[in-house]
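With the numbering used here applied, the sequence shown corresponds to residues 3 to 358, in that order. One structure below.
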Amino acid sequence: MKNKNWIIGFITINFIIFFLIGIFNYKIDSLGLLKETTLDNVAKDLADGKIVAGLSNIDERIFRKKQIEYLKNNVDYVAIGSSRTMQLRKNMFLNDGIKNFQNYSVSGASVEDYIALIQVHQNKFNKLPTNIIFGLDAWIFNKNNGQTRYLSLKNEYKQFLEKLNTKYEISSKNSELNENKISYFLSIDYFKENIKEFKKNQTYFIVDNIEVDEALKMPDGSIYYPYKNRFPDFNEVSNIAKSYAKGSVYSLENYKELSNTELFEKLITYLKDNKVNVYFYLTPYNPITYDILISNEKYKIINEAENYLKKFAKENNIKIVGSYNPHNLKLKNEHFFDGMHSLDTAYEIIFKDLLK
Numbered sequence: 003m004k005n006k007n008w009i010i011g012f013i014t015i016n017f018i019i020f021f022l023i024g025i026f027n028y029k030i031d032s033l034g035l036l037k038e039t040t041l042d043n044v045a046k047d048l049a050d051g052k053i054v055a056g057l058s059n060i061d062e063r064i065f066r067k068k069q070i071e072y073l074k075n076n077v078d079y080v081a082i083g084s085s086r087t088m089q090l091r092k093n094m095f096l097n098d099g100i101k102n103f104q105n106y107s108v109s110g111a112s113v114e115d116y117i118a119l120i121q122v123h124q125n126k127f128n129k130l131p132t133n134i135i136f137g138l139d140a141w142i143f144n145k146n147n148g149q150t151r152y153l154s155l156k157n158e159y160k161q162f163l164e165k166l167n168t169k170y171e172i173s174s175k176n177s178e179l180n181e182n183k184i185s186y187f188l189s190i191d192y193f194k195e196n197i198k199e200f201k202k203n204q205t206y207f208i209v210d211n212i213e214v215d216e217a218l219k220m221p222d223g224s225i226y227y228p229y230k231n232r233f234p235d236f237n238e239v240s241n242i243a244k245s246y247a248k249g250s251v252y253s254l255e256n257y258k259e260l261s262n263t264e265l266f267e268k269l270i271t272y273l274k275d276n277k278v279n280v281y282f283y284l285t286p287y288n289p290i291t292y293d294i295l296i297s298n299e300k301y302k303i304i305n306e307a308e309n310y311l312k313k314f315a316k317e318n319n320i321k322i323v324g325s326y327n328p329h330n331l332k333l334k335n336e337h338f339f340d341g342m343h344s345l346d347t348a349y350e351i352i353f354k355d356l357l358k
C-alpha cells in the first residue's frame, strides 16, 4: 500500500511540475513558437511603416524571421550581415523611387546565418531575392569564431543546405531543442531559455521620427543606435578602439586558417546560378583598431581573408565595396563609434557607387 501511495504521489508531483513548466513555457514563449508574442507585434508595426524604439534583449534571428514573415511586399534588394551592416539603408545606394529594400542583418552573423535567412525569405516569397548585399566580416571564415546563434533558425538552415547538396552536421557543443510544439511546451531546455527571457524586459514603443535618444528599428530593417553612438565623443572612441584591439578580439581568436570557404562558395555559386545579383561589402575596422590588429601576427589573417574575397569576387564577376583596411577607404576615427562599428557617414562613402 505504501509503495502504491508513493508511486501515485511521485506521478502526481511530476504531473504538477510538468504542468507548471508547460504553462510557463506557453506564457513566456521566448521564441514565439506557441503563440503570438511581443516580437510578432513589433514585426507587424514595422510592416505597417512604424518606427520602433526601446526593444532590446531579444533573439535577433527569431525576430528577423518574424519581420520577414510579416512583410507585405516582395523585396528585391536585401542586405545580410552582422551588426556592422545593420545601418545600411536604402537611401545610401538606391534611388528615392525604389522602396523594396530590407536589411536582414543579425549580430555576429556567420555563413550559416546567410543561408538560413535566405531560406526564410524564400519561404515567405516563394523565390530568391533579386539582389543580395552580403556584409562580410573577416570572422566568417574562422571555424573558432564561436558563432552558433544561427541555430535559432536551424530548420531553415537545414532546408537550404539540401539545395546545396550539403549534409547538416551537429557540433557536439551545440544543444538543440526538439522540433514539434508539444515537445517545446514540455521542454526543460525551453524552460531554461524562457527563464532567461523572463528576466529581460521586452518593452517597446512607437516614435514618429528618428530624433529620439533610443535604439530604433526602422521599417526597412535597418537600425539607429542611441545618441551616445550616433553622436560619439571621438576622444572616447579613440580609447575604445585601442582597448578593443588589445583585448580578446571579437570572433578572431584562434584564427589559424580560412575555413567555411567551401560552404560560402557553394552558396554564392547557387545564388548566381539562379540569377541573383550578388554584392560583397567588406566591413571596415576603425583605423586605430586595424593598425594594432595588423601589427599582431595572429590577426594578419584579416588581410588574407580580404585577398581571398577579392580574388573570388573577381573570378565570379561580383561587385565588391569596402575593405577591412580603413586606410584603403580613407576612413578616420571620426567615421566610427567604436573599434569595429562605423557611423552612417562611412556607409555613405562606401555605398555611393555600389550600383554604378
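Every residue, glycine too, gets a C-beta built ideally from N, C-alpha and C. Keep in mind that this is a model prediction, so the values were computed, not measured.
**Span separating the alpha-carbon of Ser58 from that of Tyr227** = In the sequence shown, the residue the question calls residue 58 occupies position 56. In the sequence shown, the residue the question calls residue 227 occupies position 225. Spanning the two alpha carbons is a distance of roughly 12 Å.
**Message:** For Thr39, count the other beta carbons within 10 Å of its own beta carbon; 16 or more makes it buried, fewer makes it exposed. Which is it?
**Reply:** Residue 39 sits at position 37 when you count from the first residue of the sequence shown. Flag for Thr39 reads buried.
**Prompt:** Leaving out the 5 sequence neighbours to the left and right, which residues in its chain are closer than 6 Å to Phe353 when beta-carbon positions are compared?
**Reply:** Your numbering for residue 353 matches position 351 in the sequence shown. Excluding residues within five positions, the ones whose Cβ falls inside 6 Å are Met94, Phe95.
**Prompt:** Considering only C-alpha positions, which residue in the set Ala118, Asp340, Glu350, Val113 is nearest to Ser154?
**Reply:** Against the sequence shown, residue 154 aligns to sequence position 152. Of Ala118, Asp340, Glu350, Val113, the residue nearest in Cα terms is Ala118.
**Asked** Which residues in the same chain have their Cβ closer than 8 Å to the Cβ of Glu299, if we skip the five residues on either side of it in sequence?
**Response** By one-based count along the sequence shown, residue 299 stands at place 297. So the list is empty, once near-sequence residues are dropped.
**Item:** Contacts around Ala49, its chain only, beta-carbon distance under 7 Å, and the 5 residues preceding and following it disregarded
**Value:** By 1-based counting over the sequence shown, the position of residue 49 is 47. The answer, listed in chain order, is Tyr72, Leu73, Lys74.
**Message:** So the candidates are Pro289, Leu333, Val278, Glu308; which of them puts its Cα closest to the Cα of Lys129?
**Reply:** Walking along the sequence shown from the start, residue 129 turns up at place 127. It is Val278 whose Cα lies nearest to the Cα of Lys129.
**Item:** Counted within 10 angstroms of its Cβ, other Cβ atoms place Ile208 as buried (16 or more) or exposed
**Value:** Translated into positions along the sequence shown, residue 208 becomes position 206. Exposed, by the Cβ-count rule.
**Request:** Could you pull out every residue in the same chain whose Cβ sits closer than 7 Å to the Cβ of Asp78, ignoring the five residues on either side in sequence?
**Result:** The residue given as residue 78 occupies position 76 in the sequence shown. These residues qualify, in order along the chain: Asn102, Pro131, Thr132, Asn133.
**Prompt:** Run through DSSP, which three-state label would Leu218 get?
**Reply:** Counting from 1 along the sequence shown, the entry for residue 218 is found at position 216. Looking at Leu218 - three-state DSSP - the assignment turns out to be strand.
**Message:** Let's test the definition: count the other Cβ atoms within 10 Å of the Cβ of Met342 and tell me whether it reaches 16, buried, or not, exposed.
**Reply:** The residue labelled residue 342 in the question sits at position 340 within the sequence shown. Met342 should be labelled buried.
**Cutoff 6 Å; reference Ile303; Cβ partners in own chain excluding five residues on either side** = Start at 1 with the first residue of the sequence shown, and residue 303 comes out as number 301. These residues qualify, in order along the chain: Tyr257.
**Item:** At least three beta-carbon pairs within less than 8 Å, the stretch 209 to 222 to the stretch 313 to 320
**Value:** no
**Prompt:** What are the boundary residues of the beta strand (DSSP E) that Asn279 is part of?
**Reply:** In the sequence shown, counting from the first residue as 1, residue 279 sits at position 277. Its beta strand (DSSP E) spans residues 279 to 284.
**In chain order, each alpha helix (DSSP H) run of at least 4 residues that lies wholly inside the stretch 210 to 275** = 229 to 232, 236 to 248, 263 to 275
**Asked** So, do the stretch 107 to 125 and the stretch 134 to 142 have three or more beta carbon pairs nearer to each other than 8 Å?
**Response** yes
**Request:** Please name the residue in Ala307, Tyr326, Asn144 whose C-alpha comes closest to that of Ser261.
**Result:** Translated into the one-based positions of the sequence shown, residue 261 becomes position 259. Ser261 has its Cα closest to that of Asn144, out of Ala307, Tyr326, Asn144.
**Request:** In the DSSP assignment, find the unbroken beta strand (DSSP E) run with Gln104 in it and report its ends.
**Result:** Within the sequence shown, numbered from 1, the residue matching residue 104 stands at position 102. Unbroken beta strand (DSSP E) run through Gln104: 103 to 105.
**Prompt:** Given that a residue counts as buried once 16 or more other Cβ atoms are within 10 Å of its Cβ, and exposed if not, what is His123?
**Reply:** Taking the sequence shown and counting its residues from 1, the one referred to as residue 123 is at position 121. Looking at its Cβ environment, which holds 16 or more other Cβ atoms inside 10 Å, His123 is buried.
**Asked** According to the neighbour-count rule (16 or more other Cβ atoms, all chains shown, within 10 Å of its Cβ), is Asp235 buried or exposed?
**Response** The residue given as residue 235 occupies position 233 in the sequence shown. When all chains shown are included, Asp235 counts as exposed.
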